[in-house]
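K.L.:
Residue numbers (our numbering), protein chains in the order written: chain V, 1 to 300; chain P, 1 to 96.
Just dropping this structure here.
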Amino acid sequence: MSEDTKMKEYAFFPGCSIPSGFLKYEKLVLDVLGEFGVSVTYPQGMTCCPAPMTFEVFDDDDFYTVGARNIALCEELGLDILSPCNGCTMTLNRVNNRLRTDEKLKEYVNTSLEKIGRHYEGTVNIQSLLRTLYEDIGLESIRARITKPLSGLKVAIHYGCHAFEELEVYDDLHNPIVLESLAEALGMEVVKYSSANECCLVFANTVDRDFVLKSLTKKMNDISEAGADCILVICASCFSQFDKTQEMMSWVDLMDESDQIPIYLYPELLAFAMGMDFETIGLDEHKVDATSLLLERNTG
Amino acid sequence: MYTRKRIYDRFRKLNKSKDFDNLLFTFYSEVMTLENTGSMVVHFQNMVNSIIENGTAIPVPTRQMAKRKQFGLPEFQFDMDEIKKIIKKSSEGVDQ
């Protein structure tokens, strides 16, 4: 940690998908944040944020009550919330923004929370890991820690749908630069492709696998034609979708294995550029080979 | 099966449409305006039930929580009690 970096503490809201299948990534996120002086505390007794398209489909009141309870846990800690999950960030911000301006709904929610001895006030803010990297840590601090720049590496960026509501607050929704700037801070060259904003369709896997495979084949073709060496994401669900679906595309002859494109979560590439080893980063858990591309740089 | 087939057919038709932008929220709205949204509604209801019963929409197995120490991660518990007291419906009686 650099001496000029002030220690900042957040309530860490990991969500469900990361604790269910990305423990190494969760640890890496904590390690990277720690390197930049950001510390976290896990609130006890969290529930699902609740995920988009769950309670809000059936009952708005329950949606806001469950979300407010999670925020209330962090208010009890007196800490702003940091989430590595774009979906959680979106939901908790939706709940917070609505309850801060809708007194009647806030009163309803607090009547429900009284039954369990809790209270929502609206005193804490919620932000994503992406925003923390960009605003709290900043490009200069990141550049200062790079020992293995990823110069010349061409990267295609996929934000993930749930990132966009927050991006509207601190970036240009239609022409975002946050992840692009963070990639460039590591020395990478960002390539543009036409389907960059299209959904990874992770939620549609159980509904129509053929549709998913066809749509992602188009997206992967766009990325390949743009000349990208790799794909960069900030969402663990998007990561999983691209990583596992490419493997599946090869099984069903929609893609040659040699054409698979490595996919990285931003903290993984940041950790590599800061000199962390592959095992710590967790690249061995990727389905698509993610080490060879970086190994060339490790030894080069 | 009939419901699933209708949704499959709708998605295939959408995939051929030049007007469909493949954005998530457009997709959500398309799904919600389908004549028969049964399968998706069941899927969403199952997630709600999981949140009420287990605290999470995506199941986080006990063995996965037990691994946290091994990975050097802070231990925590998901709530499975308080949530049942603050929402209108319990998951009982709404299983599909």
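Glycine is no exception: its CB is placed at the ideal position from the N, C-alpha and C atoms.
1) With burial defined as no fewer than 16 other Cβ atoms inside 10 Å of the residue's Cβ, what is the status of R69 of chain V: buried or exposed?
2) Are the CB atoms of T147 of chain V and G37 of chain V within a distance shorter than 7 Å?
3) In chain order, what residues of the region 57-72 of chain V put their CB closer than 8 Å to some CB of chain P?
4) Near S17 of chain V, what residues of its chain come up, given a Cβ to Cβ distance below 6 Å and the 5 sequence neighbours on each side ignored?
5) Going by DSSP, what residue range makes up the alpha helix (DSSP H) through F239 of chain V?
6) Can you tell me the Cα-Cα spacing of I142 of chain V and L186 of chain V, whole angstroms?
7) Using CA coordinates, which residue listed in V:S292, V:Y10, V:I281 is at the minimum distance from V124 of chain V?
8) What's the C-alpha gap between F71 of chain P and I177 of chain V?
9) By how many angstroms is the C-alpha of M80 of chain P removed from the C-alpha of V95 of chain V?
10) Could you check how far apart the C-beta atoms of Y108 of chain V and D61 of chain V are, in whole angstroms? I think they sit under 8 Å.
11) Hey, does Y264 of chain V have any beta-carbon neighbour from chain P nearer than 7 Å?
12) Can you tell me the Cα-Cα spacing of A163 of chain V and M90 of chain V, whole angstroms?
13) Among all the DSSP beta bridges, which residues are the ones paired with I126 of chain V?
14) Could you tell me whether the region 199-219 of chain V touches the region 168-176 of chain V, using the rule of 3 or more Cβ pairs below 8 Å?
15) Per DSSP, what kind of secondary structure is C230 of chain V in: helix, strand or coil?
16) Pull up the CB-CB distance for A290 of chain V and P267 of chain V, whole angstroms please, since I reckon it's below 8 Å.
17) For the structure I just gave you, are there three or more beta carbon pairs, one from the region 25-35 of chain V and one from the region 272-287 of chain V, closer than 8 Å?
P.N.:
This is what the structure gives:
1) buried
2) no
3) V57, F58, D59, D61, D62, T65, V66, R69
4) A236, S237
5) 236-251
6) 8 Å
7) V:Y10
8) 33 Å
9) 21 Å
10) 6 Å
11) no
12) 7 Å
13) V:I81
14) no
15) strand
16) The Cβ separation is near 13 Å, so there is no contact.
17) yes
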